[in-house]
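Below: the structure, in structure tokens.
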Amino acid sequence: MSGNYYRMSATQIVVIVIVVLAVIAAAGAGWMLYRRWSLRHRFGPEYDRLVAEREGRTAAERELRERQRRHAELDRRPLSPESRARFAAEWEEIQIRFVESPVEAVNAAEDLVSRMAAERGYPAGDFEEQAAYLSVEHAHSLDHYRQAHAVRESVDRGESDTEQLREALVHYREMVTELLGREPVPAARHHEPESMPAEHGEQMPTTERYETNR
Numbered sequence: 039m040s041g042n043y044y045r046m047s048a049t050q051i052v053v054i055v056i057v058v059l060a061v062i063a064a065a066g067a068g069w070m071l072y073r074r075w076s077l078r079h080r081f082g083p084e085y086d087r088l089v090a091e092r093e094g095r096t097a098a099e100r101e102l103r104e105r106q107r108r109h110a111e112l113d114r115r116p117l118s119p120e121s122r123a124r125f126a127a128e129w130e131e132i133q134i135r136f137v138e139s140p141v142e143a144v145n146a147a148e149d150l151v152s153r154m155a156a157e158r159g160y161p162a163g164d165f166e167e168q169a170a171y172l173s174v175e176h177a178h179s180l181d182h183y184r185q186a187h188a189v190r191e192s193v194d195r196g197e198s199d200t201e202q203l204r205e206a207l208v209h210y211r212e213m214v215t216e217l218l219g220r221e222p223v224p225a226a227r228h229h230e231p232e233s234m235p236a237e238h239g240e241q242m243p244t245t246e247r248y249e250t251n252r
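In case it helps, the numbering used here puts the sequence shown at residues 39 to 252.
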């Protein structure tokens, strides 16, 4: 009787240990799934892009967590009202310039976004480094910035046309709006949006929200 009692106790202990280990394993798996979901939710298109680039989730997620760590060390700050007004005025000038000089306008838009990001505390200079930092808080607009940057680079190779340049300016607009802030843009200057050349029959993008089917 006594021997049977101890054998049952040992069996119970084994069962309990197995159950506890299963619970720990399930909790660990749940935590990993949550961390993955959190990264995908936060980084959006940037998550998918990096998974494809790194050929796997593990390396991509490691890099994204490292981006979060480095981003937390930045001295980030919002734009002052004066800076917002100045940048908004520059953006209006770029849109007007596009009609006569699309390439010059696109180059100016790239420079504007880089300077705006730098003034908000992001590293200036290298596009990929700045984009990596921007991805932590501006991932969804960053996809627009990457597409615009790709068109700007194609200009140097002579591979872009006016329509592609127009689309690039629309993409830059998304990042400009994001960096200016979601509050109404200060009324630094007022220009009616210039019309596109007749073959396009559209108006230039402004800092007002422009809905696209993308």
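In this text, a Cβ means the ideal position worked out from N, Cα and C, and glycines have one as well. The structure displayed is predicted, hence computed values, not measured ones.
Assigned with DSSP and collapsed to three states, Y171 falls in helix.
E120 places its beta carbon 9 Å or farther from that of L102. In the pairwise beta carbon analysis, the segment 204-218 is classified as touching the segment 176-185: at least three pairs are separated by under 8 Å. The beta carbon of A146 lies closer than 6 Å to those of I132 in the same chain, with the five residues before and after it left out.
Distance check between S139 and each of A186, V151, L172, D199 places D199 closest, using alpha-carbon atoms only.
Counting along the chain, the unbroken alpha helix (DSSP H) around Y85 starts and ends at 83-92.
Counting every other CB atom within 10 Å of its CB across the protein chains shown gives Q168 a total of 16 or more, marking it as buried.
Judged by beta-carbon spacing, A170 lies beyond the 9 Å limit of A162, meaning their Cβ atoms are not closer than that value.
For A156, the enclosing alpha helix (DSSP H) has its first and last residue at 140-157. Rounded to the nearest whole angstrom, the C-alpha separation of T96 and D113 is 29 Å. Counting only the Cα atoms, S152 lies some 18 Å from R105.
Assigned with DSSP and collapsed to three states, E99 falls in helix. With distances taken between CA atoms, T215 lies nearest to E128 out of G159, R135, E128. In the structure shown, S47 adopts helical secondary structure according to DSSP, grouped into three states.
The continuous alpha helix (DSSP H) containing E201 extends over residues 200-218.
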